[in-house]
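K.L.:
Just so you know, we're using this note's numbering here: the sequence shown kicks off at 2 and counts up by one. We treat Cβ as the ideally placed atom computed from N, Cα and C, and that holds for glycine. Since the structure is predicted, the reported quantities are computational estimates derived from the model, not experimental observations. Could you have a look at this structure, given as structure tokens, before my questions?
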Amino acid sequence: ASSDPSGCLVKLRLFAENLVKAVFAHHRLERSFQSNLNDLLNDDSFKSITPAVVLDKIHLLRIKGNHAAHGTLHPLQSGQIADFVKEAHELAKWFALSTGLLSRSKIPDWKGLPLAEPSKSELQREKKAALQKLAEQETLMAKLLADLEEARAQAVAAKKSETEKAAILSQAQQAANALDFSEQATRFKLIDEHLISSGWDVGPRGISTAEVGQEVEVLHQPTGSGIGYADYVLWGENGKPLAVIEAKKTAEDAQKGKMQAKYYADGLEKMHGQRPVIFYTNGYDIFIWDDAKTEPPRSLFGFYSRDSLDYAHFQSQLRESTIGALNPEEAITDRLYQIEAIKRVAETFDKRRRRALVIQATGTGKTRVAIALC
């Protein structure tokens with residue numbers, strides 16, 4: 002694993018996908034034939050019987066495996082690959098316990114990865130054994146595929162009732178609790194991965210870097226002591242806060258972190274003289290709220306990079322722009338209705354709206370208006 006982290010992560014993602022399919026097959030849940038891993042994870046039937054902490058762990062392996070497969074994997078910190086293998090081990094333990102395949106006493110505990118790389122002779126023996134096992138498995142493949150098709154047909158004919166789903170979820174949650182899964186730790190790992198994907202230097206859990214502060218003390222909070230601790234603060238090169246991130250439980254709506262994040266932003270602004278952009282998330286759904294520019298919250302696919310946040314603050318400093326009073330170049334547009342359209346669009350953007358629609362008849366200069374706006 003340590004000698005080939007990218008290959009290891011791709012295989013861990015494949016493991017996660019096979020585990021999800023095994024859950025579908027075990028509980029005879031209906032699924033489309035060509036559904037990918039993300040489709041399966043967002044399937045309502047699957048989510049209704051799977052604890053949030055287990056979903057977090059699977060998503061973590063999915064995201065990291067995708068980065069490895071697509072060549073966008075950032076350098077891993079020492080020992081980090083072992084953490085991801087451990088996540089897969091915990092998922093395997095949960096599946097065995099929740100489905101009744103093994104009792105808790107018979108499930109082996111995590112012992113870490115071997116410190117030494119195997120010798121060439123050991124690798125050859127392992128390869129030979131793997132080939133023999135593969136040959137045996139191929140003889141069973143046809144039967145397994147037939148069984149899978151039969152199970153899928155039965156799933157269509159016998160959909161789970163809400164009561165049955167609740168019972169399955171209860172059993173699955175009991176298995177997760179018995180294994181001491183930490184939803185908070187897994188959720189922070191998901192957020193860390195989103196930040197790393199956006200180019201941020203994220204330290205191990207609880208350790209801040211020059212770019213990403215974790216559990217940052219914030220003054221001027223509505224608490225008894227007047228002190229709070231922001232989950233994440235993203236810092237600029239000048240040492241001022243570019244953004245603050247508030248994380249909520251995966252099972253909760255990300256919107257619940259909105260006001261808490263605002264309190265942190267208020268405190269950071271008083272402490273550093275610069276108001277940070279607000280992000281709040283539950284690990285899956287990410288929202289941005291740039292209230293300094295009076296923009297409403299909106300959902301994102303990921304966090305902003307450092308350069309993007311720098312630019313957002315630059316725009317905020319110029320929010321008193323008088324673009325609506327500017328006249329377009331007459332060499333491009335000289336008709337009064339064209340000039341009027343351009344000014345109306347400029348006024349719309351001055352009001353912090355994100356889009357505007359221009360409707361003109363054929364032959365009235367739509368292209369010229371578009372060029373003048375640029």
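1. Counting pairs of Cβ atoms below 8 Å between the region 226-246 and the region 169-180, do you hit three or more?
2. Which parts of the region 264-335 are runs of the alpha helix (DSSP H), unbroken and 4 residues or longer, counting only runs that do not cross its ends?
3. Would DSSP call P109 helix, strand or coil?
4. Is G284 closer than 8 Å to D57 when the C-beta atoms are compared?
5. Under the assumption that G237 contacts K249 (Cβ atoms under 8 Å), give the Cβ distance between them as a whole number of angstroms.
6. Find the nearest neighbour of T187 within the set K112, S106, L61, H27, judged by alpha-carbon distance.
7. Quick check: the Cα distance between A130 and P115, rounded to an integer number of angstroms?
8. State the CB to CB distance for the pair R355 and I333, rounded to an integer number of angstroms; the pair is presumed to be in contact (CB under 8 Å).
9. Taking only three categories from DSSP, how would you classify G66?
10. Using the C-alpha atoms, what's the distance from I279 back to L196?
11. Is DSSP giving P223 helix, strand or coil here?
12. Can you check DSSP and say which residues form a bridge with W236?
13. Across which residues does DSSP place Y230 in a beta bridge pair?
14. Pull the bridge partners of V213 from the DSSP assignment, please.
15. What did DSSP end up calling A362 once you bin it into helix, strand or coil?
16. Per DSSP, which one or two residues make a beta bridge with A248?
17. What do you get for E194, buried or exposed, if any count of 16 or more other CB atoms within 10 angstroms of its CB means buried?
P.N.:
Reading off the structure:
1. Judged by Cβ distances under 8 Å, the region 226-246 makes no contact with the region 169-180, as fewer than three pairs qualify.
2. Counting only runs of 4+ residues, the alpha helix (DSSP H) found wholly inside the region 264-335 occupies 307-318, in chain order.
3. P109 falls in the coil class under three-state DSSP.
4. The answer is yes: Cβ separation under 8 Å.
5. With a beta-carbon spacing of about 25 Å, G237 and K249 fall beyond the 8 Å limit used to define contacts.
6. With distances taken between CA atoms, T187 lies nearest to L61 out of K112, S106, L61, H27.
7. Counting only the Cα atoms, P115 lies some 19 Å from A130.
8. About 24 Å; that fails the 8 Å criterion.
9. Under the three-state reduction of DSSP, G66 is assigned to helix.
10. Distance between the alpha carbons of L196 and I279: 14 Å.
11. Here P223 sits in coil by DSSP.
12. Bridge partners of W236: P242.
13. E218, per the DSSP bridge assignment.
14. The partner list for V213 (beta bridge, DSSP) reads L235.
15. If DSSP states are grouped into helix, strand and coil, A362 belongs with coil.
16. Bridge partners of A248: T282.
17. E194 should be labelled buried.
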